[in-house]
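*Asks:* For what it's worth, the numbering used here labels the leading residue of the sequence shown as 1431, then goes sequentially. Quick reminder that beta carbons are idealized off the backbone N, C-alpha and C, glycines included. Here's a structure for you.
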Amino acid sequence: MLCEECRDELSSPIKIMPEQIQPHTSQPTMAALIDLWGRPHRLEPRMLIGRQVDGQGLAILEPSVSRHHAQLTLDHHEWAVRDLGSANGTFHDDTLIASPVAVHEGSRLRFGHIAFYFVEDVSQLPSPQLGRTMTAQISPQERRAAAAPPATFPVEPVEPVEPVEPVEPVEEEEHTDLGLPVMSFKLHEPTGGGGGLIEIDGKRVQLTMTQFELMALMIKRMAGERHQPELVRGFVRSSEPIADLSWDTRDPNENHVKQLVRRVRRALQKSEVGDLIESRHRFGYRLRAIPRE
1431 MLCEECRDEL SSPIKIMPEQ IQPHTSQPTM AALIDLWGRP HRLEPRMLIG RQVDGQGLAI
1491 LEPSVSRHHA QLTLDHHEWA VRDLGSANGT FHDDTLIASP VAVHEGSRLR FGHIAFYFVE
1551 DVSQLPSPQL GRTMTAQISP QERRAAAAPP ATFPVEPVEP VEPVEPVEPV EEEEHTDLGL
1611 PVMSFKLHEP TGGGGGLIEI DGKRVQLTMT QFELMALMIK RMAGERHQPE LVRGFVRSSE
1671 PIADLSWDTR DPNENHVKQL VRRVRRALQK SEVGDLIESR HRFGYRLRAI PRE
C-alpha cells in the first residue's frame, strides 16, 4: 500500500474505481506504473496509454484520458514518455510535456487527471507486511512508491505485526462532494481588533480575527464563482490566506494555514454547524456550501 504522502500526490478531483485501470500485456518488462491503490502495472517495451487499447497497453477508462493518450517506450535501456496529441495533456512531475521526456525511478506521470509513479524494477519494491485481516502502511524512501505484489503471485503468510499507534495525518482528508447545500451566512465584522461572529443558518459561531477572515474569504470566493462548475468552484489556495490574513506570526506558511483550518473546523463543529471546510490536494480549501443570495 502507498503511504499517505504518496497517495495524496496521485490523488485527483476525479474519483475512479480500481476496475477502471486495465493492463493488457504479453511480455512485460520489470518496469511498472504504480497506481493510486499501490498496484504495479508492468510495462511492455512499447506501451500505449489510453482510454481505448486494442492490443498491448494500459487502458484507463476515464473521460479525461484520450482514446490514444500517450506512449511509454524503452530504448537503449532508457524509458521515455511522449504525448500523442491528447486533449488534456500528459504531465511529468506536474510539468506538461510537449516532446518526449525521459522518465526515471520515482517519476510521477499523469495522463489527464489520472496519475502514477514510475518504477524501473518491481522486484526491488519492498514486500508489504500483511496478515489475513490487517494491513500495514509503507512509508516512502527516497520517493520510491511501495506496492503489494500482483494477486497472481503467491504470498507467504507472515506473523501478525504489532499494532502501531495512530499518528495525525500531515494533510487533511480530501473530499469531492457534489450537490453542495445552499446555506445562509451573515458576517458581523469584528470591531476594536476583536474576533468576529458568523451566523450560519441561524447558528452563531464566534471566531478569532484570523479565523473570521478565512471564513469571509471562502464565503466571498464561493459566492463570486457562480459561473464555475461545482466540482471546482470556490477554492482558495494556501498562498492567498498566507498573503492576506491578519496573522499573529511574522512568517506564516502553509503549516499555519493547516492549523488555522483545523481550528475553524473545530469551532464550526462545536457550534453544531458541522464541517463546512473541504480540502483538496492541489486545489486548496473551500466552503462546503453555497451562500444564499
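Shortest alpha-carbon distance to Met1639 belongs to which of Arg1663, Ile1630 and Leu1690?
*Replies:* Nearest of Arg1663, Ile1630 and Leu1690 to Met1639, Cα basis: Leu1690.
*Asks:* Would you kindly report the start and end of the unbroken alpha helix (DSSP H) that includes Gly1654?
*Replies:* Note, Gly1654: alpha helix (DSSP H), Met1639 to Gly1654.
*Asks:* Between the beta-carbon of Phe1521 and the beta-carbon of Ser1537, is there less than 7 Å?
*Replies:* Contact flag unset, no.
*Asks:* In the DSSP assignment, the beta strand (DSSP E) including Ser1379 goes from what residue to what residue?
*Replies:* Outside the shown range of the chain (1431 to 1723) lies residue 1379, about which nothing can therefore be said.
*Asks:* Can you tell me the Cα-Cα spacing of Gly1632 and Ile1544, whole angstroms?
*Replies:* When rounded, the distance between both Cα atoms is 41 Å.
*Asks:* Applying the criterion that 16 or more other CB atoms from any shown protein chain within 10 Å of the CB defines a buried residue, is Ser1529 buried or exposed?
*Replies:* Exposed, since its Cβ has fewer than 16 Cβ neighbours within 10 Å.
*Asks:* Taking all protein chains shown into account, decide if Val1612 is buried (16 or more other Cβ within 10 angstroms of its Cβ) or exposed.
*Replies:* Exposed, since its Cβ has fewer than 16 Cβ neighbours within 10 Å.
*Asks:* Suppose you measure from the CA of Lys1700 to the CA of His1657; what does that come to, to the nearest Å?
*Replies:* Their backbone Cα atoms lie some 33 Å apart in a straight line.
*Asks:* Is Ser1709 helix, strand or coil when you go by DSSP?
*Replies:* Ser1709 falls in the strand class under three-state DSSP.
*Asks:* DSSP three-state label for Asp1513, please.
*Replies:* Asp1513: strand per DSSP, three-state reduction.
*Asks:* Span of the beta strand (DSSP E) holding Gln1501?
*Replies:* Element bounds for Gln1501: Ala1500 to Asp1505.
*Asks:* Closest to Glu1708 by C-alpha separation, out of Phe1615, Glu1702 and Arg1667, would be which residue?
*Replies:* Ranking the options by Cα distance to Glu1708, first place goes to Arg1667.
*Asks:* Going by other Cβ atoms of all chains shown within 10 Å of its Cβ, with 16 needed for buried, is Met1447 buried or exposed?
*Replies:* Exposed, because fewer than 16 other Cβ atoms sit within 10 Å of the Cβ of Met1447.
*Asks:* Determine the direct distance from the alpha carbon of Trp1677 to that of Arg1693, and round the result to whole angstroms.
*Replies:* Rounded to whole angstroms, Arg1693 to Trp1677 spans 14 Å at the Cα level.
*Asks:* Count the other C-beta atoms from every protein chain shown that fall within 10 angstroms of the C-beta of Glu1449, then say buried if there are 16 or more, exposed otherwise.
*Replies:* Answer is exposed; the Cβ neighbour count stays below 16.
*Asks:* Please classify Ser1614 as buried or exposed, where buried requires at least 16 other C-beta atoms within 10 Å of its C-beta.
*Replies:* Per the 10 Å Cβ criterion, exposed.
*Asks:* Restricting to Cα atoms, I'd like to know which of Arg1472, Thr1459 and Leu1502 is closest to Gly1480.
*Replies:* If we check each option's Cα against that of Gly1480, Leu1502 comes out closest.
*Asks:* Run the CB neighbour count on Pro1453, radius 10 Å, all protein chains shown included, and call it buried at 16 or more, exposed below.
*Replies:* Buried: at least 16 other Cβ atoms inside 10 Å.
*Asks:* Assign Gly1515 to one of two classes, buried (16 or more other C-beta atoms within 10 Å of its C-beta) or exposed (fewer than that).
*Replies:* Exposed, because fewer than 16 other Cβ atoms sit within 10 Å of the Cβ of Gly1515.
*Asks:* May I have the straight-line CA-CA distance separating Ala1532 from Asp1681, to the nearest angstrom?
*Replies:* Their backbone Cα atoms lie some 38 Å apart in a straight line.
*Asks:* With a Cβ-Cβ cutoff of 7 Å, do Leu1478 and Gly1487 count as a contact?
*Replies:* Contact: yes.
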